[in-house]
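Asker: Below is a structure I'd like to ask you about.
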RNA sequence: GGAGGGAUACCGAAGCGGUCACAACGGGGCGGUCUUGAAAACCGUUAGAUGUCAAAGUCACGGGGGUUCGAAUCCCUCUCCCUCCGCCA
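In the numbering used here, the protein residues as written are 164 to 582.
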């Protein structure tokens with residue numbers, strides 16, 4: 164949520180930045196609403212002041228035994244006017260709030276300007292892509308041949324875009340979850356295990372609602388949604404709070420649920436795009452001054468998993484046209500996927516500035532005792548299913564077996580996945 | 001699911017129709033006096049939103065609605081928490 168006052172003060176600039184991220188919201192009509200609301204508020208507050216004063220007089224007069232009939236009638240008349248005005252104010256506020264709810268965050272000034280993903284900037288390449296002296300297989304074929312992944316059976320019991328992990332496949336998924344959480348808690352993140360269902364307020368707070376309702380699974384006969392990411396639970400743990408202590412760091416495992424409505428037919432094979440997948444999420448809540456620095460840290464912490472797993476990856480900075488709705492600045496981490504012959508997103512690390520904290524009302528007191536909106540950040544650390552896919556493909560051997568990455572040995576209990 | 005009890009500032013809690021939200025009283029936090037230092041004691045300080053250059057003002061006692069000239073206080077409703085009973089991993 165943007166600050167309406169900031170929009171009013173910096174209208175022209177904000178129009179340009181919104182165009183840069185391909186958003187064509189009519190800012191002028193929002194400001195018309197805002198001015199109408201301000202006028203109505205001024206009017207009603209004057210009336211309220213008057214009637215409050217007279218009401219206090221009534222109490223005084225009664226004590227003195229004076230007659231209050233006339234004054235009571237006068238206040239009663241004002242009251243009915245106030246009621247009408249209050250109703251129109253409530254309507255204006257609702258309209259303004261819902262208009263603001265659909266306006267995306269303003270990109271940070273450091274974000275490269277671009278129309279779409281072709282404008283993204285590669286900022287770092289890490290590791291060497293594996294060279295195979297045989298024809299490498301895709302992870303779904305490897306998983307099928309090794310009998311560790313089974314989409315057919317999952318389609319049978321649920322539907323498309325689900326997967327069953329079996330034997331060492333299931334063990335690999337679980338090992339990665341534990342390895343990632345262990346690594347992040349060593350780096351100072353507090354581990355959280357939170358509900359997989361949240362209410363609509365939480366979904367609004369982090370920006371999934373109202374605009375992206377179609378992307379979410381809603382639980383029938385309840386007002387609850389299945390979380391699309393643990394970002395929702397971790398960030399909203401502190402909604403409606405004034406925090407005394409900041410620079411909070413959380414990590415959590417959660418299953419994530421997404422409809423993937425707009426991607427029919429894309430990545431339908433394998434683990435890349437599922438309706439349900441596991442993810443370790445990192446969330447930071449910090450002061451306004453430190454969020455830029457914290458974004459670099461959270462990105463580094465997410466990368467550390469890939470470095471320890473010795474998987475080749477690169478980092479790109481998203482340009483204005485490719486930035487997510489709530490984000491002010493985002494680094495995507497992409498892992499090398501031999502079967503795609505390109506890098507595939509495995510983590511997205513974002514600084515949201517005060518966009519989410521305005522929505523979910525997360526504040527802190529600065530050193531002068533003034534309350535301010537906190538800054539929030541998050542990053543995947545990492546998407547587990549895609550990590551499994553990357554390990555299978557990058558660590559495959561000529562004989563169809565998979566070498567287990569060294570750091571996973573204590574978790575896997577074996578150095579090789581074979582039939 | 002049944003029956004009760006609650007929700008007030010960082011925490012506990014008073015208030016039960018106008019004098020109690022510039023929120024009593026405790027505790028905590030912060031600052032100070034005293035002390036070699038600490039403890040204790042004493043003194044001071046500590047609270048939302050909106051608005052404004054600053055004020056004034058307006059709003060806020062879990063959320064929403066109602067009664068009243070006036071509601072933290074009365075009524076309705078929703079949410080959440082606690083206790084007991086029932087059911088149940």
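Where a beta carbon is used, it is the ideal one built from N, C-alpha and C, also for glycine.
#1: Going by beta carbon distance, what residues of the same chain come within less than 7 Å of residue 487, once the five residues before and after it are set aside?
#2: Below 8 Å on the Cβ atoms is my contact criterion, and I expect residue 473 with residue 290 to pass it. Report the Cβ-Cβ distance as a whole number of Å.
#3: Our contact map puts residue 553 next to residue 510 with C-beta atoms below 8 Å; I'd like the distance itself, whole angstroms only.
#4: For residue 270 and residue 416, I'd like the C-alpha separation in whole angstroms.
#5: Could you tell me if residue 183 is buried or exposed, where buried requires 16 or more neighbouring beta carbons within 10 angstroms of its beta carbon?
#6: Who does residue 418 pair with in a DSSP beta bridge?
#7: State the Cα-Cα distance for the pair residue 300 and residue 312, rounded to the nearest angstrom.
#8: Is DSSP giving residue 360 helix, strand or coil here?
#9: Which class does residue 370 belong to by DSSP, given the choice of helix, strand or coil?
#10: Give the DSSP-derived three-state secondary structure of residue 185 in the structure shown.
#11: With a Cβ-Cβ cutoff of 9 Å, do residue 110 and residue 404 count as a contact?
#12: Taking the beta carbon of residue 442 as the centre, do at least 16 other beta carbons fall within 10 Å, making it buried, or is it exposed?
#13: Find out if the Cβ-Cβ distance for the pair residue 548, residue 434 is shorter than 9 Å.
#14: Residues in its own chain within less than 7 Å of residue 394 by CB, not counting five upstream and five downstream?
#15: Taking residue 166 as the reference, give the member of 519, 528, 567, 574 with the closest Cα.
#16: Restricting to Cα atoms, I'd like to know which of 266, 234, 477 is closest to residue 373.
#17: Unbroken beta strand (DSSP E) runs of length 3 or more, entirely within the region 247–309: which are they?
Answerer: In this structure, then:
#1: 493, 513
#2: 7 Å
#3: Not quite, the Cβ-Cβ distance comes to about 11 Å (not below 8 Å), so this is no contact.
#4: The alpha-carbon atoms of residue 270 and residue 416 are separated by roughly 29 Å.
#5: Residue burial is scored here from C-beta neighbours: residue 183 has at least 16 other C-beta atoms within 10 angstroms and is therefore classed as buried.
#6: Residue 418 is bridged to 441.
#7: 14 Å
#8: strand
#9: coil
#10: coil
#11: As displayed, the chain neither begins before 164 nor continues past 582, which places residue 110 out of reach and without an answer.
#12: The residue is buried, with at least 16 neighbouring Cβ atoms inside 10 Å.
#13: Yes, they are a contact pair.
#14: 369, 444, 446, 541
#15: 519
#16: 266
#17: 284–289
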